[in-house]
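Undergrad:
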Amino acid sequence: MKRSEKFVQANREAKATWIALALVILFWYAAGFGLENSALEFFHTPIWVLGGCIGTWLFSILVCWVLIKFVFMDFDLEDGEDK
Amino acid sequence: MGNWVNLLPVFCFLMFMLGVSFYIQYASRKERSTNFARDYFIGGYSLGGFVLAMTTVATYSSVSTFVGGPGMAWLVGYGWLYMAIVQVVVVFLVLGVFGKKISMISRKINAITVIDVIRSRYQSDFLANMSALFIVLFFCGTMVAQFVGAAKLFEAVTGFSYLTGLTLFGLIVVFYTTVGGFKGVAVTDAICAIAMLVGLGILFTSMLNAGGGYDKIMEYISTNHHDMLEPLSQGKMPVSLYISQWLLVGICTLALPQSVVRGISFKDTKALHKAMLIGTITIGAMTLVATWIGVLSKGILMEDLTAYGNSVDNITPLTIVKTMGPLWAGITIIGPIAATVSTVSSLLLSSSSSIIKDVYMREMEKRNVEVSNDKIKNLSMLATVVLGLIVYVVAIAPPSVIWQINMFAFGGLETAFFWVMLFGLFWPRANRTGAIMAMLGGVVCYCACMALKIKVLDLHQIVIGIGVSLVLFLIGTYMGKGTDEKVLRVFFPERYSD
Chain A
424 MKRSEKFVQA NREAKATWIA LALVILFWYA AGFGLENSAL EFFHTPIWVL GGCIGTWLFS
484 ILVCWVLIKF VFMDFDLEDG EDK
Chain B
25 MGNWVNLLPV FCFLMFMLGV SFYIQYASRK ERSTNFARDY FIGGYSLGGF VLAMTTVATY
85 SSVSTFVGGP GMAWLVGYGW LYMAIVQVVV VFLVLGVFGK KISMISRKIN AITVIDVIRS
145 RYQSDFLANM SALFIVLFFC GTMVAQFVGA AKLFEAVTGF SYLTGLTLFG LIVVFYTTVG
205 GFKGVAVTDA ICAIAMLVGL GILFTSMLNA GGGYDKIMEY ISTNHHDMLE PLSQGKMPVS
265 LYISQWLLVG ICTLALPQSV VRGISFKDTK ALHKAMLIGT ITIGAMTLVA TWIGVLSKGI
325 LMEDLTAYGN SVDNITPLTI VKTMGPLWAG ITIIGPIAAT VSTVSSLLLS SSSSIIKDVY
385 MREMEKRNVE VSNDKIKNLS MLATVVLGLI VYVVAIAPPS VIWQINMFAF GGLETAFFWV
445 MLFGLFWPRA NRTGAIMAML GGVVCYCACM ALKIKVLDLH QIVIGIGVSL VLFLIGTYMG
505 KGTDEKVLRV FFPERYSD
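For the record, the sequence lines run as chains A and B. Take any residue in the first sequence, note its place counting from 1, add 423, and you have its number in our numbering. Take any residue in the second sequence, note its place counting from 1, add 24, and you have its number in our numbering.
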């Protein structure tokens with residue numbers, strides 16, 4: 424990969440990271456505030472706590488996994504032009 | 025006088041840290057004899073994924089992860105947990121957005137600090153010196169606050185005096201940071217992160233046992249404190265607080281120099297990818313368990329806040345003391361001490377790198393004075409140890425101005441560096457005039473609004489800081505001259521290729 428191509432790829436990855444952040448915020452809102460009025464509970468713990476807290480954590484891990492699996496690419500960070 | 029059984033585990037842990045740092049100094053003696061600054065301040069771009077993840081998490085999580093956060097959760101309930109979990113994004117955000125670009129650029133221009141990158145991008149010594157000043161000032165305030173918080177906790181749990189605790193971990197962390205350099209800090213941080221998880225695990229288990237199990241505690245809370253089960257906690261957690269926290273401890277942490285510098289330090293892209301995943305798992309787990317402990321301690325500490333010295337900071341030490349014997353308490357307290365020393369070590373090294381690498385070495389370079397590797401070595405270690413000792417001495421009897429600095433610190437650093445870093449790496453048009461105006465104007469505005477308690481829509485002042493900084497950056501950029509194309513070719517090869 425040429426140095427310029429690496430930077431194009433790095434820009435793409437940065438953009439994908441911002442999208443990942445937006446998805447986490449949406450999930451956090453939907454699984455927390457979105458379930459606020461649900462009467463459902465487990466072990467006396469309201470569902471919004473499980474969704475908004477543990478759910479957001481698990482969702483972030485999933486989003487990270489998708490990022491590094493499908494968007495992020497491996498290349499040499501040194502300035503090996505035209506490699 | 026305290027119980028020695030209480031003290032022993034922490035002492036052994038800290039001695040182990042010291043040993044690790046000496047070993048790292050020994051192992052990297054070859055690299056240090058050729059280019060000391062590069063090895064000492066950034067570890068020669070060699071961090072692997074696991075260590076990168078753990079040092080980023082450990083630097084970020086501080087004594088307040090163990091004390092302030094859980095204390096507030098005890099008071100407010102699950103709303104606090106729901107707010108604290110926004111921190112889960114901090115690791116993947118900084119590494120994903122900045123990691124690859126900044127590490128490629130650093131390798132190209134031989135940068136070993138964040139300020140190196142800023143200086144090179146904007147071609148301004150003034151901007152670099154201002155960055156160094158903010159870093160040293162805000163970091164020192166934070167370090168003192170960390171020391172004070174941990175020493176108070178130590179006193180409350182072990183019964184030994186404030187000064188004993190402070191001296192014990194304060195002096196040891198200063199010395200192991202001085203000896204180990206960046207690599208030492210990174211590896212000890214990784215060990216600290218594990219110690220924090222272990223401490224949290226022990227505390228969580230012993231607290232559940234003492235409270236008669238999760239179900240029983242939750243039954244008590246839902247009967248007696250129903251507000252704790254609502255996200256807005258009947259007004260104690262306004263929506264504006266959630267938005268503020270998303271900005272202050274979520275999104276804007278992107279530019280914290282102590283995090284960004286970790287984006288320079290890693291070995292290869294595999295390490296970065298691995299660190300994003302491990303870091304996100306770890307910081308989420310830590311935040312969840314620590315804050316959850318706070319909520320559930322309601323089932324053990326059932327009285328009013330006035331019964332507990334009127335301060336939520338007493339909740340964690342009381343939970344520890346109430347639920348376990350001296351030996352286990354001694355082991356558990358390694359957690360918060362580890363959180364403290366891992367934050368202090370990183371900030372201390374960043375501060376001394378600002379002074380030595382970014383100010384002193386640059387000044388010598390400008391005057392064309394050759395400085396020998398040995399001299400850089402001596403000065404770097406001297407700067408680290410002196411700065412550390414100053415912080416220690418100030419923490420013995422902290423003046424009130426320290427609390428002001430600490431309160432301003434987090435948002436101040438974010439305001440100073442957010443647009444400067446983000447535009448610097450992603451917007452070729454961004455120039456020196458914009459960056460200087462954004463950093464100076466933003467920080468001044470932010471601090472003034474903090475001091476005068478001026479808020480917009482009840483949101484934290486970080487909104488004002490970031491907003492003003494953005495506007496000034498745009499004005500400055502459109503008024504000022506563009507950046508030299510030679511520089512842009514390094515930072516944006518995809519647009520300015522030869």
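No residue lacks a Cβ here, since even glycine has one placed at the ideal position from N, Cα and C.
My assumption, with CB atoms under 8 Å, is that B:Ile196 sits in contact with B:Met300. Please give the rounded CB distance.
TA: Here residue 196 of chain B refers to the residue found at position 172 of the second sequence. Here residue 300 of chain B refers to the residue found at position 276 of the second sequence. That pair is no contact at about 31 Å.
Undergrad: Would you mind giving the Cβ-Cβ distance between B:Ile426 and B:Val417, rounded to the nearest angstrom? I have them listed as a contact below 8 Å.
TA: Within the second sequence, the letter at position 402 stands for residue 426 of chain B. Within the second sequence, the letter at position 393 stands for residue 417 of chain B. Not really, about 12 Å apart at Cβ, beyond 8 Å.
Undergrad: Anything in the region 242-268 of chain B with a Cβ closer than 8 Å to a Cβ of chain A? List those residues in chain order, please.
TA: Taking 8 Å as the Cβ-Cβ cut-off, the region 242-268 of chain B approaches chain A at Met242, Glu243, Ile245, Ser246, Leu253, Glu254 and Pro255, given in chain order.
Undergrad: Just the C-alpha distance for B:Trp104 and A:Val486, rounded to the nearest angstrom, thanks.
TA: Residue mapping note: residue 104 of chain B aligns to position 80 of the second sequence, counting from 1. Residue mapping note: residue 486 of chain A aligns to position 63 of the first sequence, counting from 1. Going by the C-alpha atoms only, they are around 24 Å apart.
Undergrad: Does any CB atom of chain A fall closer than 8 Å to the CB of B:Lys294?
TA: Indexing the second sequence from 1 puts residue 294 of chain B at position 270. It does: the Cβ of B:Lys294 has a partner Cβ on chain A nearer than 8 Å.
Undergrad: Starting from the beta carbon of B:Ser521, find every residue of chain A whose beta carbon is closer than 7 Å, and list them in chain order.
TA: Taking the first residue of the second sequence as position 1, residue 521 of chain B is located at position 497. Listed by position along chain A, the residues whose Cβ is nearer than 7 Å to that of B:Ser521 are Ser427.
Undergrad: So, is the C-beta of B:Ile490 closer than 8 Å to a C-beta in chain A?
TA: Along the second sequence, one-based indexing puts residue 490 of chain B at 466. Taking Cβ atoms only, chain A never reaches closer than 8 Å to B:Ile490, which makes this a no.
Undergrad: According to DSSP, simplified to helix, strand and coil, what is B:Thr277?
TA: By 1-based counting over the second sequence, the position of residue 277 of chain B is 253. B:Thr277 falls in the helix class under three-state DSSP.
Undergrad: Just reading off the alpha helix (DSSP H) that B:Lys260 is part of, what are its end residues?
TA: The count along the second sequence starts at 1 and reaches residue 260 of chain B at position 236. Segment: none, B:Lys260 is in no alpha helix (DSSP H) and carries neither H nor E.
Undergrad: Quick one: is B:Gly18 buried, meaning 16 or more other Cβ sit within 10 Å of its Cβ, or exposed?
TA: Outside the shown range of chain B (25 to 522) lies residue 18 of chain B, about which nothing can therefore be said.
Undergrad: Can you round the beta-carbon distance between B:Ala362 and B:Gly73 to whole angstroms, since I take them to be within the 8 Å contact cut?
TA: Counted from its first residue, the second sequence places residue 362 of chain B at position 338. Counted from its first residue, the second sequence places residue 73 of chain B at position 49. Not quite, the Cβ-Cβ distance comes to about 21 Å (not below 8 Å), so this is no contact.
Undergrad: Is the CB of B:Gly308 under 8 Å away from at least one CB in chain A?
TA: Within the second sequence, the letter at position 284 stands for residue 308 of chain B. Interface residue, yes.
Undergrad: Between B:Asp292 and A:Leu500, what straight-line distance do the alpha-carbon atoms span, to the nearest angstrom?
TA: Along the second sequence, read from residue 1 onward, the residue named residue 292 of chain B stands at position 268. Along the first sequence, read from residue 1 onward, the residue named residue 500 of chain A stands at position 77. Answer to the nearest angstrom: the Cα atoms are 6 Å apart.
Undergrad: Is B:Met310 near B:Leu221, with beta carbons less than 8 Å apart?
TA: By 1-based counting over the second sequence, the position of residue 310 of chain B is 286. By 1-based counting over the second sequence, the position of residue 221 of chain B is 197. Yes, these two residues count as a Cβ contact at 8 Å.
Undergrad: Within the region 394-430 of chain B, note down every full alpha helix (DSSP H) run reaching 4 residues or more, in order along the chain.
TA: 397-420
Undergrad: Going by DSSP, what residue range makes up the alpha helix (DSSP H) through B:Ser374?
TA: Position 350 of the second sequence holds residue 374 of chain B. Run containing B:Ser374: Ile358 to Ser377, per the alpha helix (DSSP H) assignment.
Undergrad: Considering only their Cβ atoms, is the gap separating B:Met231 from B:Ser375 smaller than 8 Å?
TA: For this step, residue 375 of chain B is matched to residue 351 along the second sequence. For this step, residue 231 of chain B is matched to residue 207 along the second sequence. No, the Cβ-Cβ distance between B:Ser375 and B:Met231 is not below 8 Å.
Undergrad: To the nearest angstrom, report how far apart B:Val44 and B:Asp63 are at their CA atoms.
TA: By 1-based counting over the second sequence, the position of residue 44 of chain B is 20. By 1-based counting over the second sequence, the position of residue 63 of chain B is 39. So the two alpha carbons sit approximately 16 Å from each other.
Undergrad: Go ahead and label B:Gly333 buried or exposed: buried means 16 or more other beta carbons lie within 10 angstroms of its beta carbon, across all protein chains shown.
TA: Position 309 of the second sequence, counted from the start, is the residue given in the question as residue 333 of chain B. Answer is exposed; the Cβ neighbour count stays below 16.
Undergrad: Compute the Euclidean distance between the alpha carbons of A:His467 and B:Thr340, then round it to the nearest angstrom.
TA: Counting from one through the first sequence, the residue named residue 467 of chain A turns up at place 44. Counting from one through the second sequence, the residue named residue 340 of chain B turns up at place 316. Straight-line Cα distance between these residues: approximately 23 Å.
Undergrad: Is B:Ala214 a contact residue of the ligand ATP, with contact defined as CB to any heavy atom under 7 Å?
TA: The ligand ATP is absent from the structure shown, which contains no ligands of any kind.
Undergrad: Could you tell me the alpha carbon to alpha carbon distance between B:Phe158 and B:Lys125, rounded to whole angstroms?
TA: Here residue 158 of chain B refers to the residue found at position 134 of the second sequence. Here residue 125 of chain B refers to the residue found at position 101 of the second sequence. So the alpha carbons of these two residues sit roughly 24 Å apart.
Undergrad: Using the Cα positions of B:Val15 and B:Gly237, report the straight-line distance between them to the nearest angstrom.
TA: Given that chain B is displayed from residue 25 to residue 522, the structure contains no residue 15 of chain B and the question cannot be resolved.
Undergrad: Measuring alpha carbon to alpha carbon, tell me which of B:Phe163, B:Lys298, B:Thr364 and B:Ser57 ends up nearest B:Leu586.
TA: It is not possible to answer for residue 586 of chain B, since the shown part of chain B is limited to 25 through 522.
Undergrad: Could you give the distance in angstroms between the alpha-carbon of B:Phe162 and the alpha-carbon of B:Ala433?
TA: The residue given as residue 162 of chain B occupies position 138 in the second sequence. The residue given as residue 433 of chain B occupies position 409 in the second sequence. A direct Cα-Cα distance of roughly 5 Å separates B:Phe162 from B:Ala433.
Undergrad: Give the list of continuous alpha helix (DSSP H) stretches no shorter than 4 residues that lie fully inside the region 170-241 of chain B.
TA: 186-234
Undergrad: Are any of the Cβ atoms in chain B nearer than 8 Å to that of A:Val431?
TA: Sequence index remark: in the first sequence, residue 431 of chain A carries index 8 (1-based). Judged by the 8 Å Cβ criterion, A:Val431 is in contact with chain B.
Undergrad: What three-state label does DSSP hand A:Thr468 in the structure shown?
TA: To locate residue 468 of chain A, count along the first sequence from 1; it is residue 45. In the structure shown, A:Thr468 sits in a strand (DSSP, three-state: E or B).
Undergrad: So is B:Cys216 buried or exposed if we call it buried at 16+ other beta carbons inside 10 Å?
TA: Position 192 of the second sequence, counted from the first residue, corresponds to residue 216 of chain B. Residue environment analysis places B:Cys216 among the buried positions, since at least 16 neighbouring C-beta atoms fall within 10 angstroms of its C-beta.
Undergrad: Within 10 angstroms of its Cβ, does A:Phe482 collect 16 or more other Cβ (buried), or is it exposed?
TA: Your numbering for residue 482 of chain A matches position 59 in the first sequence. With a 10 Å radius around the Cβ and a threshold of 16 neighbouring Cβ atoms, A:Phe482 comes out buried.
Undergrad: Could you give the first and the last residue of the continuous alpha helix (DSSP H) run that contains B:Asn30?
TA: Position 6 of the second sequence, counted from the start, is the residue given in the question as residue 30 of chain B. Residues Trp28 to Ala51.
Undergrad: Go through its chain and collect everything with a Cβ distance to B:Asn397's Cβ below 6 Å, but skip five positions before and after it.
TA: Residue mapping note: residue 397 of chain B aligns to position 373 of the second sequence, counting from 1. Correct list, in chain order: Phe60.
Undergrad: Taking the alpha carbon of B:Ile241 as the point to measure from, which residue in B:Glu509, B:Thr356 and B:Gly318 has its own alpha carbon closest?
TA: Within the second sequence, residue 241 of chain B is the residue found at index 217, counting from 1. Nearest of B:Glu509, B:Thr356 and B:Gly318 to B:Ile241, Cα basis: B:Gly318.
Undergrad: For the region 441-452 of chain B, which residues have a CB atom closer than 9 Å to at least one CB atom of chain A, in sequence order?
TA: Cβ contacts with chain A come from Leu449 and Phe450.
Undergrad: Just tell me which of B:Gly101, B:Leu253 and B:Gln282 has its CA closest to the CA of B:Ser369.
TA: For the purposes of this step, residue 369 of chain B is taken as the residue at position 345 of the second sequence. Nearest of B:Gly101, B:Leu253 and B:Gln282 to B:Ser369, Cα basis: B:Gln282.
Undergrad: Tell me whether the beta-carbon of B:Ala353 lies closer than 8 Å to the beta-carbon of B:Asp213.
TA: If you number the second sequence from 1, residue 353 of chain B lands on position 329. If you number the second sequence from 1, residue 213 of chain B lands on position 189. The answer is no: Cβ separation not under 8 Å.
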